[in-house]
Amino acid sequence: MTEPIRKLAAIVFTDIVGYTKLTAKDQSKASALLKQQRELFRPIVESYKGMWVKEIGDGLLLTFDTVTDAVNCCIKLQEASKQIDDLDLRIGIHLGEILIEENDIIG
1 MTEPIRKLAA IVFTDIVGYT KLTAKDQSKA SALLKQQREL FRPIVESYKG
51 MWVKEIGDGL LLTFDTVTDA VNCCIKLQEA SKQIDDLDLR IGIHLGEILI
101 EENDIIG
């Protein structure tokens, strides 16, 4: 087992507004929305040197080495989300020390 890596990172969490209500109304549409989000956002996150840590329900957990990359990426994600109906996002950004352990983060 590899020792965890400790580092300072910009941490981003996204959430789709109204996703729970959409799931209750039309589960297949909600599932398709997650797939569209993944296909649209992954290249954007990569272009800003972000790490796609994991998906948590309808949320994304991302990390970046710089706050500038995180903020610029989030602006681009908000702009891109307008291309897809029902993809209204809430995004939080935090700077802090994390532990990277087996493709996951703690902290």
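Residue 1 is where the sequence shown starts when you use UniProt numbering, and the numbers rise one by one after that.
Backbone N, C-alpha and C fix where the C-beta goes; we use that ideal spot for every residue, glycine too.
Here the structure is a predicted model, which means the values were calculated and not measured.
Item to check | Option nearest Q83 by Cα separation, candidates F41, A30, T23, A9 | outcome: F41
Checklist entry - Excluding five sequence neighbours on each side, which residues of the same chain lie with their C-beta closer than 6 Å to the C-beta of D15? => result G59, R90
Item to check | Rounded straight-line distance, which links the Cα of T23 to that of E39 | outcome: 19 Å
Checklist entry - According to the neighbour-count rule (16 or more other Cβ atoms, all chains shown, within 10 Å of its Cβ), is G50 buried or exposed? => result buried
Next on the checklist: Measuring straight from C-alpha to C-alpha, what distance separates G96 and D69?
Outcome noted: 15 Å
Checklist entry - How many angstroms separate the CA atom of C74 from the CA atom of E101? => result 24 Å
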